[in-house]
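Scroll down for the structure; my scribbles are underneath it.
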Amino acid sequence: MGIKDLWDKITGNTGPKLAKASGEIAQHKVEHLDVFTAEAMVIVEIAAADVDTVLAIARSTSPGALVSDSTTVIFVPTQREVLPVKDPKKGWILPLDSEVANKLSATPGDYEINPQIAFVVTS
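Under the working numbering, the first residue of the sequence shown carries the number 505, and numbering increases by one thereafter.
Put into structure tokens, the structure is as follows:
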């Protein structure tokens, strides 16, 4: 627990935070990557071949990014409750936790990970 976490606990500011990416971010080039929003949900459309990359990032302790010609999505592994954010310079920053490994599959289809994030896997 860091000083900021301790301060938030003392002052009662324990609500969800915004996702943030810092430090070294491994970049993974992908052929197909689109991001859509539906109310409060961020929907990431990826190819089935790239699901293993997302799962590896979720199991990792450091952030990783999927990068296409037009879009970047940075996934930040976390066990804390944080909200997705669209950074104007970095692109989408989405939190991932161990739930992803239980819910995401390389089989084409729709996968709702939590109320904020869903994946559409295409063939």
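Note that CB positions come from ideal geometry on N, CA and C, so glycine has one too.
Every value quoted in this text rests on a predicted model; they were computed, and no experiment measured them.
Contact belief for residue i with residue j at Cβ below 8 Å, rounded distance in angstroms
{"i": "residue 555", "j": "residue 625", "result": "6 Å"}
{"i": "residue 604", "j": "residue 559", "result": "7 Å"}
{"i": "residue 580", "j": "residue 567", "result": "5 Å"}
{"i": "residue 569", "j": "residue 575", "result": "Not quite, the Cβ-Cβ distance comes to about 10 Å (not below 8 Å), so this is no contact."}
{"i": "residue 548", "j": "residue 539", "result": "6 Å"}
Those residues which DSSP pairs with residue i across a bridge
{"i": "residue 542", "result": "545"}
{"i": "residue 532", "result": "570"}
{"i": "residue 576", "result": "571"}
{"i": "residue 598", "result": "579"}
{"i": "residue 589", "result": "597"}
{"i": "residue 537", "result": "550"}
Three-way DSSP call (helix, strand, coil) for residue i in this model
{"i": "residue 565", "result": "coil"}
{"i": "residue 614", "result": "strand"}
{"i": "residue 521", "result": "strand"}
{"i": "residue 607", "result": "helix"}
Buried versus exposed call for residue i [16 or more other C-beta atoms within 10 Å across all chains shown]
{"i": "residue 596", "result": "buried"}
{"i": "residue 561", "result": "buried"}
{"i": "residue 598", "result": "buried"}
{"i": "residue 578", "result": "buried"}
{"i": "residue 514", "result": "exposed"}
Residue i - containing alpha helix (DSSP H), residue span
{"i": "residue 515", "result": "507 to 515"}
Bounding residues of the beta strand (DSSP E) (the contiguous stretch that carries residue i)
{"i": "residue 622", "result": "621 to 626"}
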